[in-house]
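Chemist:
Numbering (this note's numbering), first residue to last: 69 to 293.
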């Protein structure tokens, strides 16, 4: 019963987030998983309905209205080049593990999400990640998630205001070291829920900013034209 209740709550959060997703934005949500053997980076890219023509102009190089396997690979490679991961201050090259593209119908409705999973085998104690992909049309989310059984201790996560970058220190407690994919296996089917919670947090920030903006406009003197 408890598992069903949690799943239902997370599903509701995802529905609310999908409804709140602006049509003219390209939402890029990144989840970082730190293990004893390296770092995994999973990026979920969701274009709003009005953003699809812009994104297709980037991906569909032969302008035939479809996304071929070669165009998928070229786009994923571009995203990988335009994100940067540093571990202990040194560049940590990311290798593609897997990627998936949604059906065109889902993208036309603003619900399709491109998923890219990257990994580096470099470990350390300090991490910094930055996403530089299509900043002119994008909004960003970023967070670190890991399995508690991995013994991971993460310091305070520092993000820029746009959430394009994140930095934090981390360490591992004593115990048997799990495999390199332990954090991801533990999260398993809850990855979509984690994205949903990131979206909820993002919407809360945007709502607060909008309210502050309205209050400031009401308190400021109005000049006649």
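The C-beta atom is built at its ideal place from N, Cα and C for all residues, glycine as well.
Can residue 238 and residue 222 be called in contact, C-beta distance under 8 Å?
Modeler: Their beta carbons are under 8 Å apart, which means residue 238 touches residue 222 by this criterion.
Chemist: So within the stretch 131-170, which uninterrupted beta strand (DSSP E) runs reach at least 3 residues, ignoring any that extend past its ends?
Modeler: Listed in chain order, the complete beta strand (DSSP E) runs (minimum 3 residues) inside the stretch 131-170 are 151-155 and 163-168.
Chemist: Taking the beta carbon of residue 115 as the centre, do at least 16 other beta carbons fall within 10 Å, making it buried, or is it exposed?
Modeler: Its Cβ being crowded by 16 or more others within 10 Å, residue 115 is buried.
Chemist: So if DSSP puts residue 108 in a beta bridge, which residue, or which two residues, is it bridged to?
Modeler: DSSP output for residue 108 lists 101 and 187 as bridge partner(s).
Chemist: From what residue to what residue does the alpha helix (DSSP H) around residue 123 run?
Modeler: Where residue 123 is concerned, the enclosing alpha helix (DSSP H) stretches over 120-127.
Chemist: Measure the C-alpha to C-alpha separation of residue 252 and residue 101 and round it to an integer number of angstroms.
Modeler: Only weak support is given to the placement of residue 252: the predicted model assigns it a pLDDT of 40, under 50, and the value that follows is read from those uncertain coordinates. Their backbone Cα atoms lie some 7 Å apart in a straight line.
Chemist: If you follow the alpha helix (DSSP H) that residue 174 is in, where does it begin and where does it stop?
Modeler: Taken as a continuous stretch (DSSP letters only), the alpha helix (DSSP H) holding residue 174 covers 172-176.
Chemist: For residue 350 and residue 241, what's the separation of their Cα atoms in angstroms?
Modeler: Residue 350 cannot be examined here, being either before or after the span of the chain that is shown, 69 to 293.
Chemist: For residue 181, collect the residues of the same chain with a Cβ closer than 7 Å to its Cβ; drop the 5 residues on either side in sequence, then sort them by chain order.
Modeler: For residue 181, where only same-chain residues beyond five positions count, the Cβ hits under 7 Å are 112, 113, 114 and 170.
Chemist: Within 10 angstroms of the Cβ of residue 13, are there 16 or more other Cβ atoms? Answer buried if so, exposed if not.
Modeler: Residue 13 cannot be examined here, being either before or after the span of the chain that is shown, 69 to 293.
Chemist: Grab me the residues of residue 177's own chain with a C-beta within less than 6 Å of its C-beta, minus the 5 sequence neighbours each way, in chain order.
Modeler: Closer than 6 Å at Cβ, skipping near neighbours: no residue.
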